[in-house]
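Report on the structure given below.
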Amino acid sequence: MEWLMYILLGFLVICAIAVSFSKNLLNSLLIFMSYSLVMSIIWILLESPDLAITEAAVGAGVTSVLFFVTLKKIHAIDEEK
Amino acid sequence: MSKLKDKKIYEKTWAYKFFRWYRGEKDPFLGEVEMKQGESLEENVPMEEIAREKRDLIEKAYDIEHNKEIKVFKKFYGVLSVLFCLALTFVLLLMVSYSPKTGKPGNPNENEVSARYIESGLQETGAVNIVTGMILDYRAFDTLGESHVLFIATITVFILLRIDKDEKGKEKDREEANDRNYEPKNDAILQMAATVLVPLIIIFGIYVILNGHISPGGGFSGGAIIGAGLILYLNAFGFAKTERFFTEKTYKIICFFSLSFYCLAKSYSFYMGANHLESGIPLGTPGAILSSGLILPLNICVGLVVACTMYAFYALFRKGGF
């Protein structure tokens, strides 16, 4: 199980760096979502399922949806582009 | 009115002024604190000249190719921000390297508090899930603060993003702010998926809330799941459908009753606990749904507040009202 943990942690670091280097805001948002999902898997491996449920619902779900709405309001994700 | 003093002396006292203010005869701040119109220094300068000066200033300041200061600032800004980030990372990693290794017996978090939670948590709170027992019984005051933070956050967003109605009672036609003008979209795939998923999501959320003291989960996670389900429903079917059961009034009523029930219930148990009295709330058999005293109703309260908050955030962002 150790190697799976290391793979996931490495994925977290890659995600965190990729969010700040991605030029497209929509892409960085999707990366942010995947970061939260990986984080919730890590919570399960660390034996705290309570946090995992919250992380999946809030981090990957509601926060990202709010970000999507905000990006749409400021016209950062236009379909023509 | 004082009868001991002369009228003229009395008029000078503080009490006289206070009672005059109290009766509303004179506002001591009226005419005192308002900003007075200062004498203009440049009375004879015409408006066009002022406007031209302003424009020149802006053009000069934002002329990046010829403005040396901006160039220097931009270079310094880039270098310094990278340096700052590196320094912050370094400091944080240094702190992590100093912290003790996870799971060692001598760690500072292995004190009598956590030992007490683990040993007698089940006995004292009646909750099989120790985490819920902790956050809704031992540390219930923190959770009360968190629920209030959510409520205050919604109110703040409401103040910032609200769309007012104009005099005729119609909502202002600000198309950018109000996504409702594009409703309903009637996307067949989304609606089909939502009909299947939304009931499952909401039932799962209710299960997580009601089983908070037995299995992993609790008010916050369950509420977030229900909120996500409501948002999906809203996206698929539009505001007209959700407004049948969820409006501003519903939000107010639910939040008011949940938060005040939480306050009263916890005040009761804190009062009894501080005075070493029996609270009289049965703990029940651990593992049963109706057990662990106040935890189940408090879980429901927190779950309702969180679900409403999630939905309200989304609705406020989308159309400036709910």
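Quick mapping for you: the protein sequence lines, in order, are chains F and W. Count along the first sequence from 1, add 9, and you get the number used in the working numbering. Count along the second sequence from 1, add 1, and you get the number used in the working numbering. All residues carry an ideal CB built from backbone N, CA and C; glycine is no exception.
message: Buried or exposed, going by whether 16 or more other CB atoms sit within 10 Å of the CB of F/Lys90?
response: Bear in mind that the predicted position of F/Lys90 carries a pLDDT of just 49, short of 50, making it unreliable; the figure below should be weighed with that in mind. Exposed, by the Cβ-count rule.
field: Simplified DSSP assignment, three categories, for F/Ala85
entry: coil
task: With a 10 Å radius around its C-beta and 16 neighbouring C-beta atoms as the bar for buried, classify W/Cys309 as buried or exposed.
output: buried
message: I'd like to check one pair, F/Ser49 with F/Leu60: are the Cβ atoms closer than 9 angstroms?
response: yes
task: Give a single yes or no on whether W/Leu95 has its beta carbon closer than 8 angstroms to a heavy atom of the ligand GTP.
output: Because no ligand of any kind appears in the structure shown, any question about the ligand GTP cannot be addressed here.
query: Should the stretch 214-225 of chain W be regarded as contacting the stretch 274-285 of chain W, the criterion being three or more beta carbon pairs within less than 8 angstroms?
result: no
- prompt: Ordered along the chain, which non-local residues of its own chain (more than five positions away) have a Cβ less than 7 angstroms from that of W/Leu151?
  reply: Val306, Val307, Thr310
message: Whether or not the stretch 127-138 of chain W and the stretch 213-222 of chain W are in contact is what I'm after, with contact meaning three or more pairs of Cβ atoms, one per stretch, closer than 8 angstroms; do they touch?
response: yes
Neighbour flag for F/Ser57 against chain W, beta carbons, 9 angstroms: yes
message: Which of the three DSSP states is assigned to F/Thr79 in this structure?
response: helix
message: Using beta carbons (cut-off 9 angstroms, strictly below), is W/Phe238 in contact with chain F?
response: no
query: Comparing the C-beta of W/Gly32 with each C-beta of chain F, is any distance below 9 angstroms?
result: no
message: So, with DSSP's three-state summary, where would you put W/Ile290?
response: coil
task: Determine which residues of the stretch 195-214 of chain W have a Cβ less than 7 angstroms from any Cβ of chain F, and write them out in chain order.
output: Val209
- request: Give a yes or no on whether the minimum CB-CB distance between F/Lys90 and chain W is below 9 angstroms.
  value: Confidence at F/Lys90 is low in this model, with a pLDDT of 49, below 50, so its placement is unreliable and no value can be given for it.
message: At the 9 angstroms Cβ level, is F/Leu75 part of the contact set with chain W, yes or no?
response: yes
- prompt: Roughly how many angstroms lie between the CA atoms of F/Gly19 and W/Ala62, to the nearest whole one?
  reply: 45 angstroms
- prompt: Whose C-alpha, out of W/Arg319, W/Lys320, W/Phe314, is nearest the C-alpha of W/Ile153?
  reply: W/Phe314
message: Measuring only the C-alpha atoms, how far is F/Leu13 from W/Gly219?
response: 28 angstroms
query: If we cut at 9 angstroms on Cβ distances, does F/Ala27 have a partner in chain W?
result: no
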